[in-house]
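Visitor:
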Amino acid sequence: MHTILVLVRKDFTNFFRNKPALLLTFVIPFVMIYLFGQIFGINRKDSGPNGIPLAVVNLSDNPGAAKLVDALKAEKSFRVLTKFVNPDKSTRPLTEADARALMQGSDAPFRFALVIPADLISTKTIGLRFKILSNPRNEIETQTVNGVLQKTIFTNVPELLAQSLQARAKDFLGDARLQKFNGAIAGAVAGTFGGDKAQIERDLSGGDFGISQLTQSPKPADPTLRRLDPTPAPARSAASVAATASAAPKSDPPTLDSHPSPAASAAAQIIKFETEQVVGANVKSPAATAIVGGWAIQFLLFALSASAVSLFRERDAGIFQRLLASPVTRAQILLGKFVYGVSIGLIQLLVLFFAGRILFGIEVEKHLGLLILVCAFAAAACTSFGMLLAAIAPNAEAANGMATFLIMMMSALGGAWFPISLMPQFIQQFSKLTLVYWSMEGFSNVLWAGMSFVQLLPVLGILGGITAVVMSLAIWRFNRGKIFE
Amino acid sequence: MLSLASVTKRYGSLTALAGVSLNIERGEFFGLLGPNGAGKSTTMSLIAGLRAPDTGTLTLDGQPLNAGSAVARLSLGLVPQHIALYSELNADENLRIFGSLYGLSGSDLRARIDAALEAVQLTDRRRDAVKTFSGGMQRRLNLVAALLHRPKLLLCDEPTVGVDPQSRNAIFEYLEQLNRDGLTIIYSTHYMEEATRLCSRIGIIDHGKLHALGTLDELLTKLPFEEEIRFPATPATAALAAQLPAHGELTTTTDGLHRFRPHPATKLSSFFSLAESHALPGRLFTSQRPTLEALFLHLTGRTLRE
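First to last, the protein sequences are chains A and B.
Here the first sequence is numbered in my numbering, starting from 1 and rising by one per residue.
Here the second sequence is numbered in my numbering, starting from 1001 and rising by one per residue.
1. Hey, quick one: how far does the alpha helix (DSSP H) through A/Lys337 stretch, first residue to last?
2. Check whether the stretch 370-386 of chain A touches the stretch 441-453 of chain A, taking contact to mean three or more Cβ pairs, one atom from each stretch, closer than 8 Å.
3. I want to verify the contact list: residues of chain A whose CB lies under 9 Å from the CB of B/Tyr1102, in sequence order.
4. Assuming A/Leu24 and A/Thr467 form a contact by the criterion Cβ under 8 Å, report the distance between their Cβ atoms to the nearest whole angstrom.
5. Run through chain B and tell me which residues come within less than 9 Å of A/Ile319, C-beta to C-beta.
6. Between A/Ala376 and A/Leu346, is the Cβ-Cβ spacing less than 7 Å?
7. At the 7 Å Cβ level, is B/Arg1096 part of the contact set with chain A, yes or no?
8. Can you tell me whether B/Tyr1102 is buried or exposed, with buried defined as 16 or more other CB within 10 angstroms of its CB?
9. Just to confirm before moving on: does the CB-CB distance between B/Glu1218 and B/Arg1259 stay below 7 Å?
10. If you reduce the DSSP assignment to three classes, tell me which class A/Gln425 lands in.
11. Along the stretch 1041-1052 of chain B, where does the CB come closer than 8 Å to a CB of chain A? Name the residues.
12. Between B/Ile1205 and B/Gly1034, how many whole angstroms is the CB-CB distance? I'm expecting something under 8 Å.
13. Is the number of C-beta pairs between the stretch 1044-1062 of chain B and the stretch 1002-1020 of chain B that are closer than 8 Å three or more?
14. Using the three-state DSSP reduction, which class does A/Gln277 fall into: helix, strand or coil?
15. Helix, strand or coil for B/Ser1006, going by three-state DSSP, please let me know.
16. Pick from A/Tyr34, A/Thr155, A/Lys124 and A/Ile427: whose alpha carbon is nearest that of A/Leu165?
17. Quick check: is the beta carbon of B/Ala1238 nearer than 7 Å to any beta carbon in chain A?
18. Checking contacts by CB at 7 Å: is A/Arg111 closer than that to chain B?
19. Are the CB atoms of A/Gln425 and A/Gly187 within a distance shorter than 7 Å?
20. In three-state DSSP terms, what is A/Ser411?
21. Report yes if the CB atom of A/Leu488 is closer than 7 Å to the CB atom of A/Ala65, and no otherwise.
22. Below 6 Å CB to CB, which residues in the same chain sit around A/Ala412 once its five sequence neighbours on both sides are set aside?
23. Just to confirm my understanding: we take A/Gly341, look at its own chain, exclude 5 residues before and 5 after, and list those with CB closer than 6 Å. What are they?
24. If A/Val292 and A/Gly356 are in contact, beta carbons under 8 Å, what's the gap, nearest whole angstrom?
25. What does A/Arg480 reach in chain B if we use C-beta pairs closer than 7 Å?
26. Is there a Cβ from chain A that is less than 7 Å from the Cβ of B/Arg1073?
27. Please report the straight-line C-alpha distance between A/Pro327 and A/Leu350, rounded to a whole angstrom.
28. Pairs of beta-carbons, one from the stretch 1018-1034 of chain B and one from the stretch 456-465 of chain A, closer than 8 Å: are there three or more?
29. Would A/Arg322 pass as an interface residue toward chain B - the criterion being a Cβ-Cβ separation below 7 Å?
30. What do you reckon, are the CB atoms on B/Leu1148 and B/Ala1091 nearer than 7 Å?
31. Determine contact between the stretch 1152-1167 of chain B and the stretch 1105-1113 of chain B, defined as no fewer than three beta-carbon pairs at a distance below 8 Å.
32. Which bits of chain A does B/Ala1070 rub up against, with CB to CB less than 7 Å?
33. Suppose the cutoff is 7 Å on Cβ atoms and the five residues either side in sequence are ignored; what does the same chain contact list for B/Arg1122 look like?
34. Hey, A/Gly294 and A/Gly174 are a contact pair by Cβ (cut 8 Å); roughly how many whole angstroms apart?
35. From the DSSP output, which residues share a beta bridge with B/Glu1287?
36. Determine the direct distance from the alpha carbon of A/Ile33 to that of A/Phe130, and round the result to whole angstroms.
Right under this line is the structure:
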């Protein structure tokens, strides 16, 4: 027994001296659990998506439409934009043309827009019409937006539905007969339930059937009205929304339930969503296009970090001594490692995208030139990251531990695993600090949005900037460190 | 050919080299002998241009030997202490890489690789990954990788560490042949036997200071005795041993031997008379020339293994 205890103590001593092992055992799982917990809303009051930019173009002068805009602004899932900012910083209401134009660029301020048409309530048809413009490059995010949008409309502006009924009735019956009809209904209601007949008649004429009092409660008491509420539960997690919604046909009007109740189906008939995909409408296999880039960049980071960590092996083997005693400089060694990293990274990314072509039909060859360019820039950024790790870590083990931690963090924060809009706002702020985010932006801009070289320049510039800054830091550290001694 | 003048190198508070001055002539086989941490590798790295001295100058053929000097690097070949080879690659690929770094290519490089592999008897293993080689084979390849560009000066930093006697001998013979062919060699080691066998001139270094410099014979004259007498440390010899400190320096080795180094004034005949007086037969005693080990002990107060 003594021997076993001695051996166990030896292992514990070794373990606690091994900082990378400690990092992998305790810190990384903790951080990942925290991140996933935030995403799935565990113990969070504001679970679900946060601050997804949504442009709202309100062309209707109906007060109910303005109320809907206010309701959307109050919805924490969205960050609503209704103004177009002119070059002189003055603003004007956003138009549909503005929204379409702004959704095209690489720095598009939003990927979803709700257009409330001028003829929101028509005298020719019963029901409401909305138009949704989308750049649905991320399937989960798209379904989440559709779901939240429907919920907000259904629960906040039911009087618009009643107004629609009144307008259609007025067109069908004529003004006098409708007034007579409303009067008869108001009399019946007042006679049966009490109340002021004249007030009830005014409410009916204005479209206020009192539905809002029911739909805005947490859960309608009446089972029939509950069926009209398409949101299964207010606290429904984004993931489950996405999972359910993803089963729905893409081109159909958005529904949240794959087996809608008759009442919900009726609601879907009287609230019509005309969904128009503004960007990527012709892209085959959109989900794969979004996913492959994220995973490719994550594995590229692992591969290139391992490559940079090989600097330690070369140092320990005395190879640097031999190289530096020959006509080779430190700068050439580092540059050689960098060029190798970019080359192998470029090859790896292209192989993975072509695998995506074979497996999922991603249209790689259509954008091959620009895809190679983005892959090269992404590979350069990833290589510089690996070089910096090798420059700051004291040894290969520490570098590997740091690499695992940072790559998983960057992948999660950068959106390689799930849409960043599912994370709390304060975490989203860090997304744009990751090279994963910008690499994915680059892939998406090429494969999804089909952007031109000029349109790609901002993302390429950022990836190039990351490479320059990180590589400079790495070289500075290499020159101060002892890896060449 | 190579000159070091008052060279000092510090690492923080540690002085690795303290004002070392040294001249090495063309065609010499110079040995730098000292224990681990004496300053041998630092000296080698300064000559190879891997580091710059804090003070002092190094010149090669009259030209300053600056860290990073391209001309100097073409003139030098470094055999590092480690097996500085790409273990996943084969012998041929390794030599091709290191040769190419010196600008060699084509049939010239091919011919030099062939000759190098032939010289260290690795021709039949040229396509095998280095990781499959024995330690001795790796050391031999490590050596010839520094010779492809035909340097004027070869720096061997303890090139036989961990090598079996057979491979060590093969390396020695190859180095001796290279030296006979005119190559100047600086060879650092903590093995007295290697320095004794190979080097025409030896520098004894410890704690960053060059304590002695010269040929083997010149160095041994620095010892205050000419012969060293060894005899077993047994109860029978205890009485004799008790008397000897008055006549010279007596040490006892871990393997049970007394080593007696008589004072210059002590004649060997008087020692043997004393032994006879203790009825000890002459066959118990062996005398031999003193070694570099003894000189090192005499100069530094510690052994080469310490």
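Even glycine gets a Cβ: it sits at the ideal position worked out from N, Cα and C.
Guide: This is what the structure gives:
1. Here residue 337 of chain A refers to the residue found at position 337 when the first sequence is read from its first residue. Taken as a continuous stretch (DSSP letters only), the alpha helix (DSSP H) holding A/Lys337 covers Arg330 to Phe360.
2. With contact defined as three or more Cβ pairs closer than 8 Å, the stretch 370-386 of chain A and the stretch 441-453 of chain A are in contact.
3. Position 102 of the second sequence holds residue 1102 of chain B. Result: Ser326 and Pro327.
4. Residue mapping note: residue 24 of chain A aligns to position 24 of the first sequence, counting from 1. Residue mapping note: residue 467 of chain A aligns to position 467 of the first sequence, counting from 1. Actually they are not in contact, since the Cβ atoms of A/Leu24 and A/Thr467 sit about 28 Å apart, beyond 8 Å.
5. Your numbering for residue 319 of chain A matches position 319 in the first sequence. Proximity of chain B to A/Ile319 at the Cβ level (cut-off 9 Å) is accounted for by Pro1080, His1082, Ala1084, Leu1085 and Tyr1086, in chain order.
6. In the first sequence, counting from the first residue as 1, residue 376 of chain A sits at position 376. In the first sequence, counting from the first residue as 1, residue 346 of chain A sits at position 346. In contact: A/Ala376 and A/Leu346 (Cβ atoms closer than 7 Å).
7. By one-based count along the second sequence, residue 1096 of chain B stands at place 96. No, no contact with chain A.
8. Here the question's residue 1102 of chain B lines up with position 102 in the second sequence. Flag for B/Tyr1102 reads buried.
9. If you number the second sequence from 1, residue 1218 of chain B lands on position 218. If you number the second sequence from 1, residue 1259 of chain B lands on position 259. No.
10. Counting from one through the first sequence, the residue named residue 425 of chain A turns up at place 425. Three-state result, A/Gln425: helix.
11. With the criterion set as a beta carbon lying under 8 Å from some beta carbon of chain A, the members of the stretch 1041-1052 of chain B are Ser1045, Ala1048, Gly1049, Leu1050 and Arg1051, in sequence order.
12. Residue numbering aside, residue 1205 of chain B sits at position 205 when the second sequence is read from its first letter. Residue numbering aside, residue 1034 of chain B sits at position 34 when the second sequence is read from its first letter. Yes, they are in contact, since the Cβ atoms of B/Ile1205 and B/Gly1034 sit about 4 Å apart, within 8 Å.
13. A contact is defined here as three or more CB-CB pairs under 8 Å, and the stretch 1044-1062 of chain B meets this definition with respect to the stretch 1002-1020 of chain B.
14. The count along the first sequence starts at 1 and reaches residue 277 of chain A at position 277. In the structure shown, A/Gln277 sits in a strand (DSSP, three-state: E or B).
15. Taking the first residue of the second sequence as 1, we reach residue 1006 of chain B at position 6. Of the three classes helix, strand and coil, the one that applies to B/Ser1006 here is strand, per DSSP.
16. The count along the first sequence starts at 1 and reaches residue 165 of chain A at position 165. Nearest option by C-alpha distance: A/Lys124.
17. Numbered from 1 along the second sequence, position 238 holds the residue referred to as residue 1238 of chain B. No, its Cβ sits nowhere closer than 7 Å to a Cβ of chain A.
18. Reading the first sequence from its first residue, position 111 is the one you call residue 111 of chain A. Not one chain B Cβ lies under 7 Å of A/Arg111.
19. The residue you call residue 187 of chain A lines up with position 187 of the first sequence. The residue you call residue 425 of chain A lines up with position 425 of the first sequence. Going by C-beta atoms, A/Gly187 is not nearer than 7 Å to A/Gln425.
20. Mapped onto the first sequence, residue 411 of chain A falls at position 411. Judged by DSSP in its simplified three-state form, A/Ser411 adopts helix.
21. This structure cannot settle anything about residue 488 of chain A, because the visible part of chain A is limited to 1 through 485.
22. Taking the first sequence and counting its residues from 1, one reaches residue 412 of chain A at position 412. Within the same chain, Cβ atoms closer than 6 Å to the Cβ of A/Ala412 are found at Leu35, the five residues on either side in sequence being excluded.
23. Position 341 of the first sequence, counted from the first residue, corresponds to residue 341 of chain A. Around A/Gly341: Leu304, Ser307 and Thr383.
24. Sequence index remark: in the first sequence, residue 292 of chain A carries index 292 (1-based). Sequence index remark: in the first sequence, residue 356 of chain A carries index 356 (1-based). Yes, they are in contact, since the Cβ atoms of A/Val292 and A/Gly356 sit about 4 Å apart, within 8 Å.
25. As a position in the first sequence, residue 480 of chain A is number 480, starting the count at 1. Within chain B, no residue comes near A/Arg480; the closest Cβ sits about 14 Å away, beyond 7 Å.
26. The residue given as residue 1073 of chain B occupies position 73 in the second sequence. Interface residue, yes.
27. Taking the first sequence and counting its residues from 1, the one referred to as residue 327 of chain A is at position 327. Taking the first sequence and counting its residues from 1, the one referred to as residue 350 of chain A is at position 350. Using only the alpha carbons, I get a separation of about 35 Å.
28. Contact fails: fewer than three Cβ-Cβ distances are below 8 Å.
29. The residue you call residue 322 of chain A lines up with position 322 of the first sequence. When Cβ-Cβ separations below 7 Å define contact, A/Arg322 makes contact with chain B.
30. To locate residue 1148 of chain B, count along the second sequence from 1; it is residue 148. To locate residue 1091 of chain B, count along the second sequence from 1; it is residue 91. Not a contact, by the Cβ cut-off of 7 Å.
31. Too few Cβ pairs lie closer than 8 Å, so no.
32. Start at 1 with the first residue of the second sequence, and residue 1070 of chain B comes out as number 70. Pro327, listed in chain order.
33. As a position in the second sequence, residue 1122 of chain B is number 122, starting the count at 1. First, the residue type needs correcting, since residue 1122 of chain B is Leu and not Arg in the sequence shown. Short of 7 Å from the beta carbon of B/Leu1122, and not among the five residues preceding or following it, lie these beta carbons of its own chain, in chain order: Ala1091, Met1137, Arg1140 and Leu1141.
34. Along the first sequence, read from residue 1 onward, the residue named residue 294 of chain A stands at position 294. Along the first sequence, read from residue 1 onward, the residue named residue 174 of chain A stands at position 174. In this structure A/Gly294 does not touch A/Gly174 by the C-beta definition: roughly 60 Å separates them, more than the 8 Å allowed.
35. Here residue 1287 of chain B refers to the residue found at position 287 when the second sequence is read from its first residue. Per the sequence presented here, residue 1287 of chain B reads as Ser, with Glu not at that position. Per DSSP, the beta-bridge partners of B/Ser1287 are B/Ile1229.
36. Translated into the one-based positions of the first sequence, residue 130 of chain A becomes position 130. Translated into the one-based positions of the first sequence, residue 33 of chain A becomes position 33. Their backbone Cα atoms lie some 40 Å apart in a straight line.
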